[in-house]
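Sequence order for the protein chains is A, B and C.
Quick note: the first sequence uses the numbering used here, first residue -9, plus one each step.
Quick note: the second sequence uses the numbering used here, first residue -9, plus one each step.
Quick note: the third sequence uses the numbering used here, first residue -9, plus one each step.
A quick write-up on the structure given underneath.
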Amino acid sequence: MWHQKTLSLKPRTRGFHLITAEIEANIPELKTIKTGLAHLFIKHTSASLTLNENADPDVQTDLETHFSKTAPENAPYYRHCCEGSDDMPAHIKCSLLGASLTIPVTNGRFNLGTWQGIYLCEHRNRAGSRQVVITLNGE
Amino acid sequence: MWHQKTLSLKPRTRGFHLITAEIEANIPELKTIKTGLAHLFIKHTSASLTLNENADPDVQTDLETHFSKTAPENAPYYRHCCEGSDDMPAHIKCSLLGASLTIPVTNGRFNLGTWQGIYLCEHRNRAGSRQVVITLNGE
Amino acid sequence: MWHQKTLSLKPRTRGFHLITAEIEANIPELKTIKTGLAHLFIKHTSASLTLNENADPDVQTDLETHFSKTAPENAPYYRHCCEGSDDMPAHIKCSLLGASLTIPVTNGRFNLGTWQGIYLCEHRNRAGSRQVVITLNGE
């Protein structure tokens, strides 16, 4: 059994945002899968998906601070500067964090740990809606 | 053909640990799959899974040293400090390294390269058993 | 429907290289899948796969510069030095960037964003051909 759809996520500010509820609300098909996998894929090179803590919002703030120190704006060696000082750091963060997540599905639900949530990592200062392709496969 | 099960890994000390043999010993169902994929998913936000060299244990030590320099304890900008100085670095490492691996299955075995092994990356100083959901799909 | 094959990629110099066209040219089976997933897996611990911008080659240069600063050669704490000064950095980059990609397949094509391309990240100074296992699954 295969289901595939593209979601347009609500635009977010730069940073790390918990989107588990927004994803789940858009895939009622999840309930029909007893055993399988859910694949989430973001179609961009300046935003990422990751899993991290779903409880304390300070984790999200600290992740944004950390990754923006790791991939700083205006590094003297950047050649790719034409799209703004936040653009090359966004590309680096994309490869560090990744464009996709694969999550086990068990009895119609994401089989996440108690503390795990799905994050949209928005790396641009001003971004619009992000497209995520969701592919569900199972029985 | 779908198989899914949850393993409780033996507790490990902080660091990078080769667990290929422990994983394989717990999924005899792998042998029944001629062509497919194996998905390994860790249900935690302070431990990760990765693939790296299976030969020289110095690689494991150097990875632990490197990632603990990249995501240091007690960085002055951390806000999320309530769970110990090793906690926020653990969350950063989780997003850097990732919670899951997908490995091709060929003729009943993981189709890994000669030097590739499955690592549990334990980011906490004192951790218990970690839960890994294994999903096998193939024909 | 399952298809699986191993490609030997052309050898590349150290750095980040766009390989979308080389991959697509070798999997005509992709056209037979209406809805599914493509899994690409590199069987090495000193080269990686990632997705990033397919337009400006400066992005590739900046990624190589950034990751070689993040995981420098000859760090004083490295123990694993026997295979050359580029070897331990290569292992670190492998775990940072990852050995595999999963890409949605829609109507016989990779469902990538406009700006997304598949990169081979070659971390060694002198490397031969790299093996990539491609697994296609869908209906």
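Cβ atoms here follow ideal geometry from the backbone N, Cα and C, with glycine treated the same way.
Requested in this report: Counting only runs of 3+ residues fully inside the stretch 10 to 83 of chain C, write out the beta strand (DSSP E) ranges in chain order.
Outcome: Within the stretch 10 to 83 of chain C, the beta strand (DSSP E) runs of at least 3 residues that lie entirely inside it are, in chain order, 25 to 32, 37 to 43.
Requested in this report: Find the residues of chain C that neighbour glycine 128 of chain B, judging by a C-beta separation of less than 7 Å, and give them in chain order.
Outcome: Trp(-8)
Requested in this report: Express the C-alpha separation of histidine 113 of chain C and aspartate 76 of chain C in angstroms, rounding to a whole number.
Outcome: Computed Cα separation, rounded: 7 Å.
Report task. Report the three-state DSSP secondary structure of serine 85 of chain B (helix, strand or coil). Result -> helix
Query raised in the report: In chain order, what residues of the same chain lie with their CB nearer than 6 Å to the CB of alanine 28 of chain A, ignoring the 5 residues before and after it?
Result: Ile93, Val95, Leu126
Query raised in the report: When DSSP builds the beta bridges, which residues end up paired with asparagine 127 of chain C?
Result: C/Trp(-8), C/Leu27
Query raised in the report: Between B/Ile32, B/Glu19, B/Phe6, which lies nearest to asparagine 44 of chain B when the distance is taken from Cα to Cα?
Result: B/Phe6
Query raised in the report: Residues bridged to arginine 99 of chain A by DSSP?
Result: A/Thr96
Query - C-beta neighbour in chain C for valine 49 of chain B, strict 8 Å - result: yes
Query - Rounded straight-line distance, which links the Cα of alanine 117 of chain B to that of threonine 3 of chain B - result: 7 Å
Query raised in the report: Along chain D, which residues have their Cβ under 7 Å away from the Cβ of serine 85 of chain C?
Result: Of the protein chains in the structure, A, B and C, none is chain D.
**Report entry** Run of the beta strand (DSSP E) containing leucine 8 of chain C, from where it starts to where it stops
**Finding:** 5 to 8
Query raised in the report: Shorter than 8 Å from the beta carbon of isoleucine 93 of chain A to some beta carbon of chain B?
Result: Yes, its Cβ sits closer than 8 Å to a Cβ of chain B.
Requested in this report: Find out if the Cβ-Cβ distance for the pair asparagine 42 of chain B, glycine 107 of chain B is shorter than 8 Å.
Outcome: Contact: yes.
Query - serine -2 of chain B to alanine 65 of chain A span [Cα, whole Å] - result: Rounded to the nearest angstrom, the two C-alpha atoms are 44 Å apart.
Query raised in the report: Using CA coordinates, which residue listed in A/Ser119, A/Asn101, A/Ile124 is at the minimum distance from leucine 30 of chain B?
Result: A/Asn101
Query raised in the report: Tell me which same chain residues have a C-beta within less than 8 Å of the C-beta of asparagine 115 of chain C, skipping the five on either side of it?
Result: Arg4, Gly74, Asp76
**Report entry** Endpoints, beta strand (DSSP E) assigned at glycine 107 of chain B
**Finding:** Per DSSP, glycine 107 of chain B belongs to the beta strand (DSSP E) from 106 to 112.
Query raised in the report: Rounded to a whole number of angstroms, what is the C-alpha to C-alpha distance between glutamate 129 of chain B and leucine 86 of chain C?
Result: 32 Å
Query - Outcome for tyrosine 109 of chain A when other beta-carbon atoms lying within 10 angstroms are tallied against a minimum of 16 - result: So tyrosine 109 of chain A ends up on the buried side.
Report task. May I ask you to report which of helix, strand or coil DSSP gives leucine 91 of chain B? Result -> strand
Query raised in the report: Shortest alpha-carbon distance to threonine 35 of chain C belongs to which of B/Gly103, B/Ile82, B/Cys111?
Result: B/Gly103
**Report entry** Three-state class that DSSP yields for serine 119 of chain C in the structure shown
**Finding:** coil
Query raised in the report: Leaving out the 5 sequence neighbours to the left and right, which residues in its chain are closer than 6 Å to phenylalanine 57 of chain B when beta-carbon positions are compared?
Result: Lys83
Report task. Within its chain, find whatever has a CB closer than 8 Å to the CB of glutamine -6 of chain C; leave out the 5 residues flanking it on each side and keep chain order. Result -> Once the five neighbours on either side are set aside, the close Cβ partners of glutamine -6 of chain C are Val123, Ile124, Thr125, Leu126.
Requested in this report: Go ahead and label proline 33 of chain A buried or exposed: buried means 16 or more other beta carbons lie within 10 angstroms of its beta carbon, across all protein chains shown.
Outcome: In the sequence as presented, proline is not what sits at residue 33 of chain A; that position holds lysine. Lysine 33 of chain A comes out buried.
Requested in this report: Report back the beta-carbon spacing between threonine 60 of chain A and arginine 69 of chain B to the nearest angstrom; my notes put them in contact at under 8 Å.
Outcome: About 17 Å; that fails the 8 Å criterion.
Query raised in the report: If we ignore side chains and look at the alpha-carbon of each, how far apart do leucine 39 of chain B and leucine 53 of chain C end up?
Result: 24 Å
Query raised in the report: Around the Cβ of cysteine 72 of chain B, are there at least 16 other Cβ atoms within 10 angstroms (buried) or fewer (exposed)?
Result: exposed
Report task. Examine chain A for any beta-carbon lying closer than 8 Å to the beta-carbon of phenylalanine 100 of chain B, and answer yes or no. Result -> no
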